[in-house]
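Below is one structure, written out as structure tokens; the observations come after it.
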Amino acid sequence: MECIEEKSVGLFDRLIRTAEKGDYRAQYDLGLFLVEEKRYEEAAKWLASAAKQGLVWYEGARRAFPPETPAKLNEPASPAMYGSPRNCLVSIEGGAFLMGSPPEEVGRYDNETLHEVSISSFSLGKYNVTQKEYTEVMGINPSKFRGDAMPVENVSWLDAIQYCNRLSQRENFAPAYVINGEQVGWNREADGYRLPTEAEWEYACRAGTRTPFNTGDNITTFQANYNGNYPYNGNIKGTYRERTTAGGSFSPNAWGIYDMHGNVWEWCWDWYGIYKAGGERDPAGPASGSRRVLHGGSWISDARNLRSAYRYCSIPSFRTYYLGFRLVRSIL
Numbered sequence: 109m110e111c112i113e114e115k116s117v118g119l120f121d122r123l124i125r126t127a128e129k130g131d132y133r134a135q136y137d138l139g140l141f142l143v144e145e146k147r148y149e150e151a152a153k154w155l156a157s158a159a160k161q162g163l164v165w166y167e168g169a170r171r172a173f174p175p176e177t178p179a180k181l182n183e184p185a186s187p188a189m190y191g192s193p194r195n196c197l198v199s200i201e202g203g204a205f206l207m208g209s210p211p212e213e214v215g216r217y218d219n220e221t222l223h224e225v226s227i228s229s230f231s232l233g234k235y236n237v238t239q240k241e242y243t244e245v246m247g248i249n250p251s252k253f254r255g256d257a258m259p260v261e262n263v264s265w266l267d268a269i270q271y272c273n274r275l276s277q278r279e280n281f282a283p284a285y286v287i288n289g290e291q292v293g294w295n296r297e298a299d300g301y302r303l304p305t306e307a308e309w310e311y312a313c314r315a316g317t318r319t320p321f322n323t324g325d326n327i328t329t330f331q332a333n334y335n336g337n338y339p340y341n342g343n344i345k346g347t348y349r350e351r352t353t354a355g356g357s358f359s360p361n362a363w364g365i366y367d368m369h370g371n372v373w374e375w376c377w378d379w380y381g382i383y384k385a386g387g388e389r390d391p392a393g394p395a396s397g398s399r400r401v402l403h404g405g406s407w408i409s410d411a412r413n414l415r416s417a418y419r420y421c422s423i424p425s426f427r428t429y430y431l432g433f434r435l436v437r438s439i440l
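Quick note on the working numbering: the sequence shown kicks off at 109 and runs consecutively.
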């Protein structure tokens, strides 16, 4: 698994590793972390470095996106700037984890019952599906907030299923879904692209953590894109950007996956339902239902709803400007 050695590394160690590589966002986050720890001299060093590195990035972006293409200036970053010219998949090693939230977690809901689940290995998109990728396959871009490296949004669960099958056929994989109107079956033996199950999504989001967020006990708007007017558990208010941000605009989790908290809600395969008792392997939700599960929160969400365990749902045909998705392929 990519970044598997970082499963047990704490927030501070993860930040300092990334900061030492020159990532100005990680340097800024590290500076804020050190301020909270009252290590002011170290904090000042990293905050100053973040400002300097940010100017270097800005100058590079200014040259890359000249004035005659102003729309590109809305894209603060792109997957290509983080070593991935295309939305590659990250190999996730299977294992057991506690899905849901403990009773003492601040802001939890009753439908987040804690239970143990085992997950088989799978591959997950490092980023949300981008507008460029979606347009190349589907021929349209339904998004409100435009930009090639921005996550595609305004897509329904049914749209996402269609995209998975078309991309599979385009790349000579067996389509994962059998589609008959709004009736969709999943062929688990297929090697094509699909949506994550709810359990796979939470497992990958947590990346070995058991805290409310994969960033720890709290999350800031320097770590994710959400409505900073509504922070979590007494945290200070942050920025409300009022739109999506480009994939890779924030530091990844410990397994190298970006934007699993905030930016756009992510469709999962499962029908929404009450969790079964623990001990399941590769659960995929109820056999039928009326609403499909979403996870992760979005740019418009309160921080509480970005928690790894938080469950949202909607009808499969629903579209709006804060719904997106990312891809999975089974490792057969």
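Glycine is no exception: its CB is placed at the ideal position from the N, C-alpha and C atoms.
Distance between beta carbons of residue j and residue i, contact taken as under 8 Å
{"i": "Pro424", "j": "Glu290", "result": "7 Å"}
{"i": "Tyr430", "j": "His403", "result": "Incorrect: roughly 13 Å between the Cβ atoms, too far for contact."}
{"i": "Leu84", "j": "His369", "result": "The requested residue 84 does not occur in the structure, where the chain is confined to residues 109 to 440."}
{"i": "Ser357", "j": "Gln331", "result": "Not a contact, Cβ separation roughly 11 Å."}
{"i": "Gly300", "j": "Ser276", "result": "3 Å"}
{"i": "Asn371", "j": "Asn333", "result": "5 Å"}
{"i": "Ser251", "j": "Gln239", "result": "5 Å"}
Option nearest residue i by Cα separation, candidates the options
{"i": "Gly233", "options": "Glu350, Asn295, Glu308 and Val198", "result": "Val198"}
{"i": "Ile455", "options": "Trp294, Arg216, Glu306 and Arg278", "result": "With the chain represented from 109 up to 440, any question about residue 455 goes unanswered, as that position is not in the structure."}
{"i": "Gly208", "options": "Asn322, Glu310 and Gly381", "result": "Glu310"}
{"i": "Leu206", "options": "Asp121, Arg318 and Met246", "result": "Arg318"}
{"i": "Ile365", "options": "Val436, Asn335 and Gly381", "result": "Val436"}
{"i": "Ala127", "options": "Asp390, Tyr148 and Leu155", "result": "Leu155"}
{"i": "Tyr443", "options": "Tyr418, Gln135 and Trp363", "result": "What is shown of the chain runs 109 to 440, which leaves residue 443 out entirely."}
{"i": "Trp379", "options": "Glu145, Ala312 and Ser422", "result": "Ser422"}
Contact under 7 Å by Cβ, residue i with residue j
{"i": "His223", "j": "Gly386", "result": "yes"}
{"i": "Thr347", "j": "Gly336", "result": "yes"}
{"i": "Ala411", "j": "Tyr340", "result": "yes"}
{"i": "Met246", "j": "Tyr217", "result": "no"}
{"i": "Arg389", "j": "Ser226", "result": "yes"}
Proximity test, residue i beta-carbon vs the ligand NAP heavy atom, cut-off 6 Å
{"i": "Gly356", "result": "For the ligand NAP, the structure offers nothing, since it holds no ligand at all."}
Residue i, DSSP secondary structure in three states
{"i": "Leu197", "result": "strand"}
{"i": "Asp137", "result": "helix"}
{"i": "Trp154", "result": "helix"}
{"i": "Tyr148", "result": "helix"}
{"i": "Tyr430", "result": "coil"}
{"i": "Leu303", "result": "coil"}
{"i": "Asp378", "result": "strand"}
{"i": "Val143", "result": "helix"}
Endpoints, the alpha helix (DSSP H) within which residue i is located
{"i": "Asp267", "result": "Trp265 to Arg278"}
{"i": "Met246", "result": "Gln239 to Met246"}
{"i": "Tyr311", "result": "Glu306 to Arg314"}
Residue span of the beta strand (DSSP E) that contains residue i, given as start and end
{"i": "Val225", "result": "His223 to Ile227"}
{"i": "Tyr420", "result": "Tyr420 to Ser422"}
{"i": "Ser438", "result": "Val436 to Ser438"}
{"i": "Phe230", "result": "Phe230 to Gly233"}
{"i": "Val214", "result": "Val214 -> no beta strand (DSSP E), and no H or E assigned at all."}
{"i": "Asn288", "result": "Tyr285 to Asn288"}
{"i": "Ala411", "result": "First-last for Ala411: undefined, no H or E at that position."}
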